[in-house]
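Just so we're aligned, residue 1 is where the sequence shown starts under UniProt numbering, counting upward by one.
Just so it is clear, CB atoms sit at the ideal spot from N, CA and C, and this is done for glycine as well.
It should be emphasised that the depicted structure is a prediction, and the values quoted were computed from it without experimental measurement.
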Amino acid sequence: MLLGEARKQQGNANANVFNVEETGREINETLDKKNDVKGRFMKVLKKMHISEQDHTKQFEQLQAIATQAKETAAIITTTTDPMAENVTKWSKDLRNFKPERAAYERATVTTRDTVRSLTELVPQLLDKLRIVEEKRAANNVSASIQRVRELIAQTRSVANKVQVSMTFEGRSAVEVNPHVNVDDLKAFTSLSLYMKFSEENPQRKKPQDQFVLYLGNKNIKNYVGLAIKNGNLVYVYNLGAGDVNIPLDSKPISSWPAHFNLVKIERIGKHGKVFLTIPSLTSTAEEKFINKGEAPGDASLLDLDAENTVFYVGRVPPGFKLPPSLDLPGFIGCLELATLNDDVISLYNFKNIYNITKSIPCIRDKLAFTQSRVVNYFFDGSGYALAKNIESRGKFGLVTRFDIEVRTPSDNGLLLLMVNGSMFFSLEMQNGYLYLQYDFGFSNGPVILEDSMKKALINDAKFHEISVIYHNSKKMILVVDRRHIKSMENEKKSMPFSDVYIGGAPTEILKSSGVSSHLAISIPFTGCMKGFQFQKKDFNLLEEPGTLGIGYGCPEESLMSRKAYFNGESYIASSQKISPFHVFEGGFNFRTLQPNGLLFYCTEDSEVFSISMEKGNVVLNAKGVKVQTADKSFNDGKAHFVMTTISPEKLELLVDEKRQSKNNPAKDAAEIKPVSTKKFYFGGSPLSTQLANFTGCISNAYFTRLDRDIEVEDFQRYPEKVHASLYGCPVESPPVALFHKKRKNSSKAKESHSKRAEKSKKGTSPFSSVINKGEQELRNQRDPHCHFSNNPKATVQAYLFGGTANSRQEFDYLPEDFYERSQFSISLKTHSSHGMIFYIADQAEEHFMALFIAHGRLIYMFNRDHQKLRIRTQEKYNDGQWHNVMFVREKNIGRLIIDGLRVLEDSLPYSDNTWPVTTPFYIGGVAPGKAAKNIQINSVYSFSGCLGSLQLNGKPVTSPSQTFSVTPCFEGPSEEGTYFSSEGGYIILDESFSLGLQFEVVFEVRPRRSSGILMHAHNVNGEFLNIHMKQGQVIVKLNNGIKDFSTTVTPKQSLCDGRWHRITVIRDANVIQLDVDSEVNHIVGPLNPRAIDHREPVFVGGAPEAFLTFSLTTRNSFTGCIRNFMIDERPVIFSKAALVSGAVSINVCPAM
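Structure follows, in structure tokens:
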């Protein structure tokens, strides 16, 4: 407000002074409020000295403390809001107007003092919140803590968006919050900032050596830094083996213009670069300068410790000793931080400030790289914009229109959201495509409009114009880049909204009852937006009063895709001038839990260059010469850095800086071919190799090229991307590793495994080892305590598949004449357009036979001697009706018969060669990594619907050897939830969810039997936690290495009454609290002074017999439905579990 008035009335100095004084009065009031907050807060601090010996009072104290903490945080937010508004206004005005210095100083000095004072308060609050959070006393306490953290995170997010410089006069220092995972900086580090020396600055005439910044460990062993030495800007970094100094001597400081210039320092592996960009004041032209360097020895990682990492700018505080190369006088000039790796950062998101002067920030000139800030908004996934009362600027009419332009590499994100009670409108991005869902009070519920034909990919890091048009209150139209994508007609209703959220929304809105059950994606948008329009009227999102945590600009670093996730069936490819067989260096990070997989692959004629995982080793293969690591444990889910170096003399492989090498047998080759453009692959290959495609993440890749400097690879630029995700990095954990860990330490587990294997050979269900005969009989009885029967009404001999990508049954039996002739018949019912129905192949998948659905049509395929037979129906069969399908193979002849009426036949040339397919054959889906070699990827995923009445050569096929996420095909209505059938089954959560010494688990249940295991966790030392029901009671049993102890709740209302019930379990070391609906109980067990926070597998709905202890009162699997499962307030998505084993249906729960 102050600077806006000053701009309008530049000649009216008195008015300026009056406005400044008014702002000063407001800030003084803010200071008074702050002091009041600080007084209240000190009371809270005193109450946080909790006696560890009185556990009963502990819960009461924590509850009272958290309530006060929440109130305190609310007051802090109220206090900081006016300042945030002023900072936003000033930062914008600084770009366009040179303020009157005295007026600016009077307003900013008081604000700076207030900010400094508040920074003393917030760290104390955060430290004490951490103590309260570790105690986790009760649900409402946890919720209060979470809300306080959200408020503080929002404040920090706003601080990071303050794009204003600071003036340093030699004694000033800022300790910045780096706001980045130090592991992300290990292999690749990139830092950019704006730097300015004014005309009168002595540095421009006679430069003195000065310190600029330091990011590194407190022990000064690993660091990056920036300094001015001998009149040049110098980039300094140390990876543990000595300093690397890279001077920018091509452009001395004395020749820099007196306006802001962009400086960027970068390191990939051992290679470092420093960049300088000098813009023109009169055009968009830019001058660029660069210099390079390389670290000595094998050092290639920046090894920072999160607890001991500091980031100092301008100078360091007293007591901190800089390394000799950076131990220089403080900086004089203006600095503004820009990005650290992919994150936008700001000097105003600081931990501490020292001797910050009262000088005003340097004025932002209208430079080429600042003009883009005006037209773009950057969303970092933590904020959102809110446009209120949109009808004040444009009316809902016969045609109502919303327009946004987005640029993002993200797979998922919320773009627009409007809410009015139970009515809503949401535009989301799912897996890179648009998904629109809305309900304006329609009698038939929400309408879904999605880009199901995949016409417009949004997440390719290019700008896309998105328009949503609502015509005549009954037709919704989706347009991308002025191209019609899809439209949908609905019951005639006008749009009942006044406010619109853009790029995200507050947690309380996303979790409200009218919205949460409908939103497919509640992840905030990450990327850039270029304008938002309603009825063709522009909105300046930063000027909207409800906007939080977004900023101007669109930093290119945030739109790069330096990482890729591969699911075992994917790869990415590009072509460049590389020479992997002669002179080559390349490196990348990887993270996986799979022991085998192809990481990198390139060929030249018949020669192969590859880097792969084989049995946990990393293996380099160059023309058949293999170099492999001595360690076999690189599939541990942690980040590892691989570097390969090829020279005429040696082949070298470094993994985490440990070297293995062999002599290069090609060193005596008479001829070295000229370097040409070669195609290479990350994550796998479509070519025939002996190695499976990789499952996991690859990031920060680089290699030497003939035509370009070394730089980190931007996977977004790769022309070939097959089912790889270029945003985020989930790593799924294999259940085999979990079982292996257990069996190594348990003779009982080994015995159970051998029995299971023996029974599997006979073709019985794997659950026969878990469920005894008595339990089998219980399946067919009705539990007298339960409202519902044990089993919902279901179609006989039919099974429901889907919910996970690899839902399936496996069968180990084949008749002797199968290789000459086979006749399968199966019934199917589905609404899905894609999915696998049947698959069998040999081990290398060179020979196969498959039946699947693609675009609603049935396709039957098999091959013989490298020739494929393919029979495809013209009609679609995804109409939700039952159809009988028979598929026959008689040597080289194939026949497909549908509903006994339509017969399709084709044949291949006759051959006497064998057709060596092997068991198992798959129904409804395939094991991970299978079939992608022969079948289009959408149809490789599991069938979504019901399959039944399976017969082979006229005989029923029953008793699968293994079942994964398959239940009986139940009839009648269904609802959201995960159904555990009476046949038995369980879910193993992925490794990102684990239980330790402190946790909170919350979920809802609707049982069909009054006894059963709800959750189980067990570590290799025999410690366990088990939650189960026994005759309607809920029991939590824990062994912490000292003894077993448990607590029980008997609900007043039966859990088996056909309604949903909420269960909460909270652990704090030796204290366990159990909440069932409104009933609460807890127990204090013996304290284990040597307790270790293990990462252990978490089972839901049941567990293998080998994992269950004799002291449990029930060993039955749970029967019924579970939903809204959360661990430490993080939603658990069962479809992303490490394993769904047995009769479990994900996301579909019978309602009767």
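Reference residue i, options the options, closest by Cα
i, options, result
"GLU266", "SER280, ASN238, ASN878, SER255", "ASN238"
"ALA338", "ASN261, ARG315, PRO1097, ASP481", "ASN261"
"LEU851", "HIS883, SER822, PHE887, ARG864", "PHE887"
"LYS678", "SER443, ALA573, TYR922", "ALA573"
"PHE641", "GLY1101, LYS186, SER1117", "LYS186"
"ILE935", "SER965, SER907, SER961, ALA854", "ALA854"
"GLU720", "ARG1115, CYS697, VAL310, ALA564", "ALA564"
"MET429", "MET423, PRO409, GLY421, ASN596", "PRO409"
"CYS554", "LEU1055, ILE1072, ILE1013, ARG407", "ARG407"
"GLU845", "GLY929, ILE1122, GLY269, PRO792", "GLY929"
"GLN716", "LYS462, SER192, ASP906", "LYS462"
"GLY504", "PHE824, LEU1112, LEU548, ILE469", "LEU548"
"GLN535", "ARG872, PRO956, ARG393", "ARG393"
"residue 1155", "GLY231, ASP899, GLY972, PHE921", "Only positions 1 to 1152 of the chain appear in this structure, which leaves residue 1155 out of reach."
"ARG808", "LEU814, LYS492, TYR799, ILE897", "TYR799"
"LEU478", "THR507, TYR438, SER498", "TYR438"
"LYS436", "SER443, SER422, TYR470", "The residue you asked about is not Lys; residue 436 is Leu in the sequence shown. Of SER443, SER422, TYR470, the residue nearest in Cα terms is TYR470."
"ILE893", "VAL885, ARG864, ARG591, GLY880", "ARG864"
"residue 1183", "THR507, SER725, HIS179", "The question about residue 1183 has no answer, for the chain in this structure spans 1 to 1152."
Where residue i falls, given that 16 or more other Cβ within 10 Å makes a residue buried
i, result
"HIS866", "exposed"
"PHE1110", "exposed"
"MET418", "buried"
"ASN663", "exposed"
"GLU175", "buried"
"VAL618", "buried"
"LEU687", "exposed"
"THR282", "exposed"
"VAL1002", "buried"
"SER51", "Bear in mind that a pLDDT of 36 at SER51, under 50, signals an unreliable position, so the number given afterwards is only what the model happens to contain. Answer is exposed; the Cβ neighbour count stays below 16."
"LYS196", "buried"
"LYS8", "In this predicted model, LYS8 has a pLDDT of only 41, less than 50, meaning its place in the structure is not dependable; the value taken from the coordinates is given anyway. Classification of LYS8: exposed, given that the 10 Å Cβ count is below 16."
"HIS1018", "buried"
"ASN291", "buried"
"ASP1075", "buried"
"ASP842", "exposed"
"HIS484", "exposed"
"LYS876", "exposed"
"ILE1133", "exposed"
"HIS259", "buried"
"ALA285", "exposed"
"ILE353", "buried"
According to DSSP, residues forming a beta bridge with residue i
i, result
"SER443", "Note: SER443 sits in no beta bridge, so no partner."
"ARG872", "ILE859"
"MET886", "SER825, ILE897"
"SER982", "Looking at the DSSP assignment, SER982 forms no beta bridge with any residue, so it has no partner."
"ASP1068", "GLN998, VAL1071"
"CYS1149", "GLU975"
"LYS623", "DSSP output for LYS623 lists no bridge partner at all."
- request: Could I get the ranges of all uninterrupted beta strand (DSSP E) runs contained in the region 258-299, with 3 residues as the minimum, in chain order?
  value: For the region 258-299, whole beta strand (DSSP E) runs of length 3 or above, ordered along the chain, are 261-268, 271-279, 286-294.
- prompt: Which runs of the alpha helix (DSSP H), 4 residues or longer, sit entirely within the region 629-703?
  reply: With a minimum length of 4 residues, there is no unbroken run of alpha helix (DSSP H) contained wholly in the region 629-703.
- request: Counting only runs of 3+ residues fully inside the region 388-436, write out the beta strand (DSSP E) ranges in chain order.
  value: With a minimum length of 3 residues, the continuous beta strand (DSSP E) runs that stay inside the region 388-436 are 399-407, 413-420, 423-430.
query: Just checking, does the region 399-406 make contact with the region 445-457 on the three C-beta pairs under 8 angstroms criterion?
result: Pairwise C-beta distances place the region 399-406 out of contact with the region 445-457, as fewer than three of them are shorter than 8 angstroms.
message: Between the region 236-252 and the region 329-349, can you find at least three pairs of beta-carbon atoms closer than 8 angstroms?
response: No, the region 329-349 is not in contact with the region 236-252.
- prompt: Are there three or more Cβ pairs, one per stretch, closer than 8 angstroms when the region 904-911 is compared with the region 813-833?
  reply: No: fewer than three Cβ pairs fall under 8 angstroms.
query: If you pair each beta-carbon of the region 946-963 with each one of the region 1056-1063, do three or more pairs fall below 8 angstroms?
result: With the cut-off at 8 angstroms, the region 946-963 and the region 1056-1063 do not touch.
message: To test your reading of the DSSP string, which unbroken beta strand (DSSP E) runs of 3 or more residues are found completely within the region 315-340?
response: Within the region 315-340, the runs of beta strand (DSSP E) at least 3 residues long that lie entirely inside it are, in chain order, 332-340.
task: Kindly confirm or deny that the region 1100-1109 and the region 982-1001 touch, where touching means at least three C-beta pairs closer than 8 angstroms.
output: The region 1100-1109 is in contact with the region 982-1001.
message: As an exercise, report each continuous beta strand (DSSP E) stretch of at least 3 residues that is fully enclosed by the region 580-612, in chain order.
response: For the region 580-612, whole beta strand (DSSP E) runs of length 3 or above, ordered along the chain, are 584-591, 597-604.
message: Can you confirm whether the region 592-603 touches the region 683-697 when touching is taken to mean that 3 or more C-beta pairs between the two stretches lie within less than 8 angstroms?
response: Touching, yes.
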